[in-house]
Amino acid sequence: MRILHVADTHLGHRRWNLPEREKDLYDVFDEVADIAIEEKVDLVLHAGDMFDKSDPPPQTYIRTYEILKKLRDKNIGFYVVAGNHEVPGTIKDSPLSFFEKIGLLKILSLRDVGREVLKDEYGRDLEIYGYSKKISRKFFEEKIPVKDRETIRIALIHELVCEPMRDYLGWTENMCRERELPMLSSSPNIEYFSYIALGDLHIRWENKIRGSIAVYPGSTEALNKGEAFDENYNFIDRYVYIIDVLDKEIRYRPRRLTKTRPWIYIEAKDHRDAIMKIQSLSNKKFVKPPILVIHILRREGSLERERLIKELNDLVDKNVIFKIDSISYAEEERPVSYSIKEGAEGFSLDKVLTEVFGDREIAELIRDFIDEKIDEKTLMNRLREDKDFLDKLHKIIRETRL
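Under the numbering used here, the first residue of the sequence shown carries the number 5, and numbering increases by one thereafter.
So this is what it looks like as structure tokens:
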């Protein structure tokens, strides 16, 4: 049996409120489905935070449906546990529940520990246990009832554990306890599982703990600059894992994703050096125009700064770069804000509405209506009840007619 392990796809996430950035998450999730089909996997295990929030916008449902249907059409199962972001309040269902109801996935754990027993082509059992974020601590506190140690078991868990923090950041066990991070090595269940399929950490990590393979594949996109670079400021590639369940063992390997949007860190001596390094990007090929993080060691006068901003805006217009995340200087603690354009392939609906209506308050109300955060009745009531608001809207309409 072959399995694909993925986590933290955050479908519907819209960084900088740019639709193109939201599309990046769908593009790479579509690639995950294509990899699953190409690798001829039997099922996909998603370790949580499939969606960015518990009430995603309509387009998220549409794109997710299209992608999951590709898997169902190839008879590839899809199992998921709920992460931090999909667990709803007391009123709304999780978006996961919608896709389960139409037969495109199975929720292995939402509010309880889940267990699924599958059989491979030889009739051997594979047990999969699911732990959503809401009840993930049960893996570390409650021993599962097992009849044997020979059955191959996989745990699908959404939880941040101590071991990668120790490996990446040098945290001690006491530091983990202070932050209430559990230790995999202290779980009473670890020895019963061949593979621990983890989610929540957005950076790839793998290790062998008391005989069990523990893996965070990481998020499928870098959602911010803290997730984009390693300690040497190299862009961190994104991965899924392919798991082969054999007779008495599990083999696994990472598979790099190729459709993620790249981030580039540029350190320059001064503005002129920054311009030279940025211009050199025109000669390079990227799968998508990159996001830049710029750090300049010496601040200069306004003329040099204006030249840098002009060059950046020109490259955005030419679609060489997509977005400037930040520009910082060595002597300053916070990044400096400049008027730099957004990528030509993206646009901000909020800005468009503000330009059309000329009033941010009205634009925000219309945006809430478009995003289905309020219904038509709420919109009309707001217009009727707020005389100042209605007067502003009438004024905009009169000016438009003129």
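Think of the CB as a built atom: it goes at the ideal place given N, C-alpha and C, for glycine as much as any other residue.
Could you give the distance in angstroms between the alpha-carbon of Tyr199 and the alpha-carbon of Phe233?
Start at 1 with the first residue of the sequence shown, and residue 199 comes out as number 195. Start at 1 with the first residue of the sequence shown, and residue 233 comes out as number 229. Rounded to the nearest angstrom, the two C-alpha atoms are 27 Å apart.
Do you know offhand how far Asn88's Cα is from Glu310's?
In the sequence shown, the residue the question calls residue 88 occupies position 84. In the sequence shown, the residue the question calls residue 310 occupies position 306. Approximately 43 Å between the Cα atoms of the pair.
If Leu15 and Pro60 are in contact, beta carbons under 8 Å, what's the gap, nearest whole angstrom?
Position 11 of the sequence shown, counting from 1, holds the residue named residue 15. Position 56 of the sequence shown, counting from 1, holds the residue named residue 60. So it is a contact: roughly 7 Å between Cβ atoms.
For Asn178, count the other beta carbons within 10 Å of its own beta carbon; 16 or more makes it buried, fewer makes it exposed. Which is it?
By one-based count along the sequence shown, residue 178 stands at place 174. By the neighbour-count rule (16 or more Cβ atoms within 10 Å), Asn178 is not buried but exposed.
In the DSSP assignment, what residue or residues form a beta bridge with Phe102?
Here residue 102 refers to the residue found at position 98 of the sequence shown. For Phe102, which the question treats as bridged, DSSP gives no partner whatsoever.
If we count the other Cβ atoms within 10 Å of its Cβ and call it buried at 16 or more, is Val45 buried or exposed?
In the sequence shown, the residue the question calls residue 45 occupies position 41. Flag for Val45 reads buried.
Tell me which residues share the same chain as Tyr133 and place their Cβ nearer than 6 Å to its Cβ, disregarding the 5 neighbours each side in the sequence.
Position 129 of the sequence shown, counted from the start, is the residue given in the question as residue 133. Hits under 6 Å: Arg119, Ala159.
Are at least three pairs of beta-carbons, each pair with one atom in the segment 322–331 and one in the segment 288–306, less than 8 Å apart?
yes
Grouping DSSP H, G and I as helix and E and B as strand, with all else coil, what is Asn236?
Taking the sequence shown and counting its residues from 1, one reaches residue 236 at position 232. It is coil, neither helix nor strand.
How would you label Phe33, buried or exposed, when you count the other beta carbons within 10 angstroms and need 16 or more for buried?
Numbered from its first residue, the sequence shown carries residue 33 at position 29. Buried is the call here.
Exposed unless 16 or more other CB atoms sit within 10 angstroms - verdict on Ser284
To locate residue 284, count along the sequence shown from 1; it is residue 280. So Ser284 counts as exposed.
Residue from Ile240, Glu271, Asp251, Ala272 whose Cα sits closest to the Cα of Thr262
Walking along the sequence shown from the start, residue 262 turns up at place 258. Nearest C-alpha to Thr262: Ile240.
Go to Ser113, then tell me how far its beta strand (DSSP E) extends in each direction, as first and last residue.
Taking the sequence shown and counting its residues from 1, the one referred to as residue 113 is at position 109. Segment 110–113, the beta strand (DSSP E) holding Ser113.
Rounded to the nearest angstrom, what separates Glu450 and Asn238 at their Cα positions?
Summary: the structure shown does not reach residue 450, with the chain confined to residues 5 through 406, and so no result is reported for it.
Grab me the residues of Asp129's own chain with a C-beta within less than 7 Å of its C-beta, minus the 5 sequence neighbours each way, in chain order.
As a first step, residue 129 must be located in the sequence shown, where it is residue number 125. Excluding residues within five positions, the ones whose Cβ falls inside 7 Å are Val121, Lys123, Thr155.
With a floor of 3 residues, list each beta strand (DSSP E) that falls wholly inside the segment 302–336, ordered by position along the chain.
Positions of the beta strand (DSSP E) runs, each at least 3 residues long and wholly inside the segment 302–336, are given as 327–333 in order along the chain.
Under the DSSP definition of a beta bridge, which residues are partnered with Lys212?
One-based indexing of the sequence shown puts residue 212 at position 208. DSSP lists Ile217 as partners of Lys212.
Three-way DSSP call (helix, strand, coil) for Trp20 in this model
Your numbering for residue 20 matches position 16 in the sequence shown. Trp20: helix per DSSP, three-state reduction.
Find the nearest neighbour of Asn317 within the set His299, Gly305, Ile279, Asn287, judged by alpha-carbon distance.
Within the sequence shown, the letter at position 313 stands for residue 317. Per the Cα distances, Ile279.
Can you give me the C-alpha to C-alpha distance between Pro23 and Thr68, rounded to a whole angstrom?
On the sequence shown, residue 23 is found 19 positions in, with the first residue counted as 1. On the sequence shown, residue 68 is found 64 positions in, with the first residue counted as 1. In a straight line, the C-alpha of Pro23 is about 16 Å away from that of Thr68.
Excluding the 5 residues flanking Asp31 on each side, which residues of the same chain have their C-beta closer than 8 Å to its C-beta?
Translated into positions along the sequence shown, residue 31 becomes position 27. Here the set comprises Lys263.
Taking its Cβ as the centre, do 16 or more other Cβ atoms sit within 10 Å of Leu8, making it buried, or is it exposed?
Within the sequence shown, numbered from 1, the residue matching residue 8 stands at position 4. It is buried - the Cβ of Leu8 has at least 16 other Cβ atoms within 10 Å.
Taking buried to mean at least 16 other C-beta atoms within 10 Å of its own C-beta, is Ile66 buried or exposed?
Indexing the sequence shown from 1 puts residue 66 at position 62. Exposed, since its Cβ has fewer than 16 Cβ neighbours within 10 Å.
Proximity below 7 Å, CB of Arg6 to CB of Asp248:
Sequence index remark: in the sequence shown, residue 6 carries index 2 (1-based). Sequence index remark: in the sequence shown, residue 248 carries index 244 (1-based). Cβ atoms of Arg6 and Asp248: closer than 7 Å.
Starting from the Cα of Phe102, find the closest Cα among Glu35, Arg214, Asn228, Thr64 and give me that residue.
Stepping through the sequence shown from its first residue, residue 102 is reached at position 98. Nearest C-alpha to Phe102: Thr64.
Drop a sphere of 10 angstroms on the beta-carbon of Pro186, count the other beta-carbons inside from all chains shown, and report buried for 16 or more, exposed for fewer.
As a first step, residue 186 must be located in the sequence shown, where it is residue number 182. It counts as buried.
Using the Cα positions of Gly203 and Cys166, report the straight-line distance between them to the nearest angstrom.
Along the sequence shown, read from residue 1 onward, the residue named residue 203 stands at position 199. Along the sequence shown, read from residue 1 onward, the residue named residue 166 stands at position 162. Those two C-alpha atoms are separated by around 13 Å.
Out of Arg141, Ala272, Glu146, which has the shortest C-alpha to C-alpha gap to Ala334?
Within the sequence shown, the letter at position 330 stands for residue 334. The residue with the shortest Cα to Cα distance from Ala334 is Ala272.
If you draw a straight line from the C-alpha of Lys78 to the C-alpha of Ile313, how long is it?
For this step, residue 78 is matched to residue 74 along the sequence shown. For this step, residue 313 is matched to residue 309 along the sequence shown. Answer to the nearest angstrom: the Cα atoms are 49 Å apart.
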